[in-house]
Structure formats: C-alpha cells, structure tokens
Amino acid sequence: MVNITLDADKCEGCGTCVDSCPVSIYSMDGGKAKIAGDVNECVVCRTCESACPAQAITVAE
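Numbering (the working numbering), first residue to last: -1 to 59.
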C-alpha cells in the first residue's frame, strides 16, 4: 500500500506535481495541489516528490 502525504501548508501551487505524475494522482484546487486520483494507482516513481520545489510531498510504501 502506498501512502502519499501532501502538506497543503507547504504547497506553493506551482502545479509541478500535476504535470509530473504519470498516473494523474494530483489536481489543482484553489491554487493548491490536492490528491484527486486513486492513490492505489501510484507506481511509486517518486517523481512528484523530487519535482516539488516546496518539498510538500512524501511518498512511502
């Protein structure tokens, strides 16, 4: 099981996670990223985690 944490307080609303996720887990809402897709579809590539300039995302198995 995958655990994705998105810290909304750290999120700068850049949308990098939305653009980088190959399975579209994220979307933008009110200028902030949110987890909108099925986290069980996450392939644990951690691209979102490394792409986030605010370090607002953590991915763990």
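Where a beta carbon is used, it is the ideal one built from N, C-alpha and C, also for glycine.
With DSSP as the reference, label residue i as helix, strand or coil.
{"i": "aspartate 27", "result": "strand"}
{"i": "valine 37", "result": "helix"}
{"i": "cysteine 19", "result": "coil"}
Below 8 angstroms CB to CB, which residues in the same chain sit around residue i once its five sequence neighbours on both sides are set aside?
{"i": "methionine 26", "result": "Gly11, Gly13, Val16 and Lys32"}
{"i": "valine 0", "result": "Val37, Asn38, Cys40, Val42, Val57, Ala58 and Glu59"}
For residue i, list the residues DSSP reports as bridge partners.
{"i": "valine 57", "result": "Ile2"}
{"i": "lysine 32", "result": "Ser25"}
Here's a check: name, in chain order, each residue in its chain whose Cβ is nearer than 7 angstroms to the Cβ of residue i, leaving out the five neighbours to either side.
{"i": "lysine 30", "result": "Ala6, Cys9 and Gly11"}
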